[in-house]
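Peer 1: Please find one structure pasted underneath; my questions will follow.
Numbering (my numbering), first residue to last: 1 to 113.
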């Protein structure tokens with residue numbers, strides 16, 4: 001797929017959003033650390049550990065820490081339901097991680113701004 005085709009399949013503008021997160025993978029009932037690369041209102045690109053047993057179509061729960069949250073806040077994370085729509089294992093050889101594209105179950109506004 002060339003870059004024009006890739007751009008055409010995007011429904012939302014992506015913004016760089018680099019932060020540490022974690023996600024719950026219900027299929028394996030495990031939590032995994034991850035790092036975001038970019039985000040839009042419709043989805044996110046994540047770097048995940050190579051040992052994560054993910055497959056396209058798997059549901060996950062992203063745990064996102066809202067910016068500006070006070071230390072005493074009861075809810076430390078937003079739980080964002082998402083579905084894995086793409087897996088790229090190429091970075092495994094050079095960077096030691098797998099990249100996954102996830103689609104949010106509903107649009108998120110934390111990417112705005």
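Quick reminder that beta carbons are idealized off the backbone N, C-alpha and C, glycines included.
Just so it is clear, the structure is predicted and the values come from calculations on it, not from any experiment.
#1: Need the endpoints of the beta strand (DSSP E) that residue 91 sits in, please.
#2: Which residue wins for smallest C-alpha separation from residue 50, given the options 108, 92, 104?
#3: If distances are taken between C-alpha atoms only, which option among 38, 27, 18 comes closest to residue 102?
#4: Reducing DSSP to helix, strand and coil, say where residue 113 ends up.
#5: What number of angstroms, rounded off, separates the C-alpha of residue 13 from the C-alpha of residue 44?
Peer 2: Reading off the structure:
#1: Unbroken run through residue 91 is the alpha helix (DSSP H), 91–95; no beta strand (DSSP E).
#2: Of 108, 92, 104, the residue nearest in Cα terms is 92.
#3: Answer by Cα proximity: 38.
#4: Any answer about residue 113 is weak, because its pLDDT of 45 lies below 50 and its placement is not dependable; what the coordinates show is given next. Note: residue 113 maps to coil in three-state DSSP.
#5: The alpha-carbon atoms of residue 13 and residue 44 are separated by roughly 11 Å.
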